[in-house]
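Same order as they appear, the protein sequences are chains A and B.
To convert, take the position in the first sequence, counting from 1, and add 1; that gives the numbering used here.
To convert, take the position in the second sequence, counting from 1, and add 642; that gives the numbering used here.
Even glycine gets a Cβ: it sits at the ideal position worked out from N, Cα and C.
None of these values were measured; they are calculated from a predicted model.
For reference, the structure is listed below as structure tokens.
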Amino acid sequence: MFEVFTWLADKLVFQLLGLSPDTKLGDSLHFFIEDTTKIFALLLVMIYLIAWIRASLNVERVRDYLAGKHRGVGYLFGSFFGAITPFCSCSSIPVFLGFTSAGIPVGITMSFLLTSPLINEVAILLLMSLLGWKFTVIYVLVGMAIGILGGFFLDLIKAERWLQAFAAKAFKAAQHRKAEAVADDNQAISMADRHDFAKSETLEIFGRVWKWVFVGVGLGAALHGFVPDGWFEANLGNGQWWSVPAAVFMGIPLYSNATGVIPVMESLITKGLPIGTTLAFCMSTVAASFPEFILLKQVMQWRLLAIIFVMLLVSFTLVGWIFNVVFPY
Amino acid sequence: MKQIKVLGSGCAKCTKTAEVISKIAEELSIDVEVIKETDPETIMNYAVMSTPAVVIDEELVHSGRIPSREDITQWLA
Chain A
2 MFEVFTWLAD
12 KLVFQLLGLS
22 PDTKLGDSLH
32 FFIEDTTKIF
42 ALLLVMIYLI
52 AWIRASLNVE
62 RVRDYLAGKH
72 RGVGYLFGSF
82 FGAITPFCSC
92 SSIPVFLGFT
102 SAGIPVGITM
112 SFLLTSPLIN
122 EVAILLLMSL
132 LGWKFTVIYV
142 LVGMAIGILG
152 GFFLDLIKAE
162 RWLQAFAAKA
172 FKAAQHRKAE
182 AVADDNQAIS
192 MADRHDFAKS
202 ETLEIFGRVW
212 KWVFVGVGLG
222 AALHGFVPDG
232 WFEANLGNGQ
242 WWSVPAAVFM
252 GIPLYSNATG
262 VIPVMESLIT
272 KGLPIGTTLA
282 FCMSTVAASF
292 PEFILLKQVM
302 QWRLLAIIFV
312 MLLVSFTLVG
322 WIFNVVFPY
Chain B
643 MKQIKVLGSG
653 CAKCTKTAEV
663 ISKIAEELSI
673 DVEVIKETDP
683 ETIMNYAVMS
693 TPAVVIDEEL
703 VHSGRIPSRE
713 DITQWLA
């Protein structure tokens with residue numbers, strides 16, 4: 002089904018531009034055109050379909066649902082909804098406060114917020130089309146595991162101690178008025194509403210991610226054409242324990258979202274970078290970004306921010322090591 | 643004069659919302675005061691989770707996306 006994009010790239014690069022597939026430039030350009038056209042087509046179609054299906058899901062409903070949940074399953078559901086709820090990272094703060102002031106434990110809220118940047122429909126689409134379903138399943142499981150365990154850990158150390166005063170107060174107040182019935186104002190939505198929502202979501206998400214696709218695929222294409230096969234294997238292979246933490250630290254200052262990083266993952270893996278190291282690098286790029294951490298300062302004290310940051314770095318490193326051991330090549 | 647607050651933590655869509663409201667009010671020559679509210683605590687007290695949100699004379703009328711022209715005209719009427 003994807004051959005049409007290979008065919009298109011063949012036509013453009015080899016026939017129209019007359020480049021040879023044996024040159025670095027021809028190879029890179031072919032890769033770039035094939036991947037960008039494929040990704041753009043997939044994004045437009047799939048975002049619309051997915052938005053259409055989930056038009057009735059929003060953060061308010063998720064909050065009401067999570068507010069009544071037992072802690073044990075709360076982390077799982079928090080992480081699950083983090084993955085599927087449409088949600089812009091610029092709303093992290095209102096969502097954090099909304100959950101907290103509804104009495105949802107900080108850990109469950111963080112399960113939601115940690116999973117959200119790692120897993121979303123665009124990320125899954127890209128993974129499926131570029132790296133195959135097996136890798137996609139692994140990525141989703143790892144992303145959710147980090148959200149679930151991270152949230153569990155934060156409640157274990159009683160992270161609510163280190164919220165900003167007003168947020169802690171709102172959380173306490175909610176504890177006292179537990180079991181308050183939440184008004185269910187979900188009116189049924191019509192087909193026309195669904196179409197409107199799906200259309201505006203498609204335009205909005207596409208408008209936000211298209212440049213990342215160019216950047217990501219561009220970098221991936223450069224790696225693909227110019228880095229010799231097996232270079233990573235020889236230089237950053239399984240032998241060195243330090244290559245995983247090094248990859249995690251390299252990922253922190255690089256701020257990207259999943260859309261930009263997944264095409265790079267494809268090239269890194271085909272060039273022989275071990276799967277664990279690749280996962281560690283990419284997850285650290287996507288989930289541990291300074292701009293978003295600085296935003297969280299509005300609701301958390303430095304101490305808690307530092308704990309979460311270190312927690313993420315440790316988790317990514319562990320993920321890297323575990324996968325390098327379990328899936329050597 | 644109506645007092646209109648746009649709630650949001652300073653994202654692009656929130657700025658846009660405030661601009662659109664001011665512009666339409668001007669077109670209809672209705673006197674309004676548009677305030678951008680970015681303080682997280684205040685936003686929490688309005689129980690808003692999806693920004694941008696719009697509060698008119700202390701009543702929450704909208705949240706989650708940039709309001710449409712029809713919405714705004716209706717609020718201003």
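Beta carbon of residue i, beta carbon of residue j: below 9 Å?
i	j	result
A:Val107	A:Phe172	yes
A:Ser112	A:Ser80	yes
B:Lys678	B:Thr657	yes
B:Thr693	B:Lys665	no
B:Leu649	A:Pro95	yes
A:Gly221	A:Ser268	yes
A:Gly151	A:Leu319	no
B:Leu702	B:Ala689	yes
A:Glu35	A:Leu9	yes
A:Ala68	A:Leu305	no
A:Ser130	A:Phe33	no
A:Met301	A:Ala166	no
A:Gly226	A:Ser29	yes
A:Gly1	A:Leu114	In this structure chain A extends from 2 to 330, so residue 1 of chain A is not present and cannot be described.
A:Leu126	A:Leu44	yes
A:Pro292	A:Phe233	no
A:Gly27	A:Val14	yes
A:Met284	A:Ile147	yes
In terms of residue numbering, what span does the alpha helix (DSSP H) encompassing residue i cover?
i	result
B:Gln716	Arg711 to Leu718
A:Ile105	Premise fails: A:Ile105 is in no alpha helix (DSSP H) and is neither H nor E.
A:Phe328	Run containing A:Phe328: none; DSSP gives neither H nor E here.
A:Trp132	Per the sequence shown, residue 132 of chain A should be read as Leu rather than Trp. Residues Glu122 to Leu157.
B:Val662	Ala654 to Glu669
B:Pro682	Pro682 to Asn687
Taking the alpha carbon of residue i as the reference point, which residue from the options has its own alpha carbon closest?
i	options	result
A:Val287	A:Thr278, A:Gln299, A:Ile253 and A:Lys272	A:Ile253
B:Gln716	B:Ile672, B:Gly650 and B:Glu661	B:Ile672
A:Thr116	A:Val143, A:Ala168 and A:Ser130	A:Val143
A:Arg62	A:Glu4, A:Phe154, A:Leu77 and A:Ala103	A:Ala103
A:Val262	A:Ala168, A:Tyr140, A:Gln176 and A:Lys170	A:Tyr140
A:Ala42	A:Val5, A:Leu30, A:Asn121 and A:His196	A:Val5
A:Leu155	A:Thr260, A:Gln299 and A:Tyr76	A:Tyr76
A:Lys25	A:Asp194, A:Val311, A:Ala223 and A:Phe324	A:Ala223
B:Arg711	B:Pro682, B:Glu661 and B:Met686	B:Glu661
B:Ile698	B:Glu668, B:Gly706 and B:Ile663	B:Ile663
A:Thr332	A:Glu293, A:Ile323 and A:Phe294	This structure gives no information on residue 332 of chain A, because the portion of chain A shown stretches from 2 to 330.
A:Ala1	A:Val300, A:Ala199, A:Gly321 and A:Leu44	Within the shown structure, residues of chain A are numbered from 2 to 330, placing residue 1 of chain A beyond reach of any answer.
A:Thr271	A:Gly217, A:Ala124, A:Phe250 and A:Leu132	A:Leu132
B:Ser651	A:Ser285, A:Phe97 and A:Phe207	A:Phe97
A:Phe328	A:His31, A:Gly273 and A:Arg64	A:Gly273
A:Val123	A:Lys39, A:Ile149 and A:Asn59	A:Lys39
A:Ile105	A:Thr86, A:Trp53, A:Gln176 and A:Ala193	A:Gln176
A:Leu164	A:Glu205, A:Ile120, A:Leu157 and A:Thr101	A:Thr101
A:Leu297	B:Ala667, B:Pro682, B:Thr659 and B:Leu670	B:Pro682
A:Ala174	B:Asn687, B:Thr659 and B:Glu668	B:Asn687
A:Phe250	A:Val265, A:Leu280, A:Pro264 and A:Trp303	A:Leu280
A:Pro264	A:Gly19, A:Phe215 and A:Gly148	A:Phe215
A:Ile149	A:Phe294, A:Ser316, A:Val326 and A:Gly321	A:Ser316
B:Ser795	A:Met266, A:Val210, A:Val60 and A:Asp65	Nothing in the structure corresponds to residue 795 of chain B, since chain B is present only between 643 and 719.
A:Gly219	A:Thr7, A:Gly19 and A:His31	A:His31
A:Val245	A:Ile308, A:Phe282 and A:Tyr49	A:Phe282
Start and end of the beta strand (DSSP E) containing residue i?
i	result
B:Lys678	Val674 to Glu679
A:Lys12	Element bounds for A:Lys12: n/a, residue is neither H nor E.
B:Ala695	Ala695 to Ile698
B:Ile646	Lys644 to Leu649
B:Glu701	Glu701 to Ser705
Mind pulling the chain E residues with CB within less than 9 Å of residue i?
i	result
B:Ser651	Considering every chain present, this structure includes no chain E. Its protein chains are A and B.
Is the beta carbon of residue i within less than 8 Å of some heavy atom of the ligand PLP?
i	result
A:Val262	Of ligands this structure carries none, so the ligand PLP is not represented either.
*asked:* Beta carbons nearer than 8 Å to chain A: which residues of the segment 683-713 of chain B have them?
replied: Glu683, Ile685, Met686, Ala689, Val690, Met691, Ser692, Thr693, Gly706 and Arg707
*Please list the segments of the alpha helix (DSSP H) lying wholly inside the segment 191-267 of chain A, counting only runs of 4 or more residues, in order along the chain.*
192-227, 232-237 and 244-252
*Every unbroken alpha helix (DSSP H) within the segment 27-75 of chain A, with a cutoff of 4 residues, ordered by chain*: 60-68
*Just by C-beta distance, which residues in the segment 61-87 of chain A are closer than 8 Å to chain B?*
Glu61 and Arg64
*Would you list, in sequence order, the uninterrupted alpha helix (DSSP H) runs of no fewer than 4 residues that lie entirely inside the segment 280-326 of chain A?*
291-297
*Compile a chain-ordered list of the residues in the segment 94-128 of chain A whose CB is closer than 7 Å to at least one CB of chain B.*
Ile94, Pro95, Val96, Leu98, Gly99 and Ser102
*In chain order, what residues of the segment 151-176 of chain A put their CB closer than 9 Å to some CB of chain B?*
Gln165, Phe167, Ala168 and Ala171
*When you check each C-beta in the segment 253-287 of chain A against every C-beta of chain B, which residues fall closer than 7 Å?*
none
*According to a CB-to-CB cut-off of less than 8 Å, which residues of the segment 312-329 of chain A neighbour chain B?*
none
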